[in-house]
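All remarks here apply to the structure that follows.
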Amino acid sequence: MNFAKGSLGWIEVVCGPMFSGKSEELIRRLRRAEIARQRVQIFKPALDDRYCDDHIVSHSELRIRSVPVKDAAQLESRLDLRTEVIGIDEAQFLGAELVDVVVRLADLGKRIVIAGLDTDYLGRPFHPMPELLAVADEITKTLAICMQCGNPAKHTQRLVASEDLIVVGAAGMYEARCRRCFEPNLAKQEVERAAAKA
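See the structure below:
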């Protein structure tokens, strides 16, 4: 990490597929900021209640207390102006307004550490992550392990029948896949199979 101490604003983005350690890396960076006695505030989308309402929890069960918010405006309204480091998990769920909020906070001298999925279940850019990557000062791309062949995985494979963009879930609903094993139309095929059975 090349973060300079002082009032320099800074945006760090950790992105990649599910099961690649994004939340774990976010928690690691935020814990280091707490150890350095910096004022830290941590936020997560309220709709992500997979493991706990008021903590970010990694798939490996690391956890850190967080404030659930419904969108970027609510995040900004709950921010203490004395906060030096802001953590945001699952940023892809907080809306396009998050980009302007993050830039504004960095311009005020805040360090913002963001984690999120860079692509959706079809392999398309998952907004607002591409825009956050464009304004970031530092980017970390994490890879998972393909659950089919064991190669490095960059995709999140949806295993359940749904064409909704957002379906919050974890193991059993999603798995990591490499470029070769990724099947972007699998969820659509599952929807068609379910409809045929009905």
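The sequence shown begins at 0 in numbering that gives the first Met the number 0 and counts up by one.
We put the CB at the ideal spot given by N, CA and C, even for glycine.
Pull the bridge partners of residue i from the DSSP assignment, please.
i	result
residue 139	13
residue 183	Paired residues: none, contrary to the question.
residue 43	67
residue 114	13
residue 86	41 and 112
residue 157	173
residue 56	62
residue 26	None, per the DSSP bridge assignment.
Could you check whether residue j and residue i sit closer than 7 Å to each other, using their CB atoms as the reference points?
i	j	result
residue 93	residue 44	yes
residue 105	residue 10	yes
residue 100	residue 71	yes
residue 127	residue 107	no
residue 14	residue 196	no
Rounded to whole angstroms, what is the Cα-Cα separation between residue i and residue j?
i	j	result
residue 102	residue 133	11 Å
residue 181	residue 164	17 Å
residue 145	residue 156	10 Å
residue 130	residue 95	8 Å
residue 41	residue 115	14 Å
residue 66	residue 56	13 Å
residue 29	residue 36	11 Å
residue 158	residue 183	10 Å
residue 31	residue 88	16 Å
residue 21	residue 191	32 Å
residue 83	residue 52	24 Å
residue 186	residue 171	13 Å
residue 47	residue 167	7 Å
residue 12	residue 110	11 Å
Using alpha carbons as the reference points, say which of the options lies closest to residue i.
i	options	result
residue 62	144, 25 and 156	25
residue 79	38, 99, 116 and 105	38
residue 19	172, 151 and 138	151
residue 90	83, 81, 109 and 118	118
residue 201	55, 176, 172 and 140	Here the chain covers residues 0 to 197 and nothing more, so residue 201 does not appear.
residue 8	186, 126 and 135	135
residue 188	81, 87, 160 and 41	160
residue 179	154, 167, 173 and 186	154
residue 149	22, 123, 82 and 174	174
residue 74	64, 125 and 85	85
residue 64	76, 27 and 123	27
Shorter than 7 Å from the beta carbon of residue i to some beta carbon of chain D?
i	result
residue 142	You won't find chain D in this structure, because it holds only one protein chain.
Three-state secondary structure (DSSP) at residue i?
i	result
residue 174	strand
residue 201	Past the edges of the chain, shown from 0 to 197, lies residue 201, and the structure says nothing about it.
residue 124	strand
residue 101	helix
residue 34	helix
residue 167	coil
For the ligand HEM, I want to know if residue i counts as a neighbour, meaning its beta carbon is within less than 6 Å of at least one of the ligand's heavy atoms.
i	result
residue 165	By its list of ligands, the structure shown contains no ligand whatsoever, and the ligand HEM lies outside what it can speak to.
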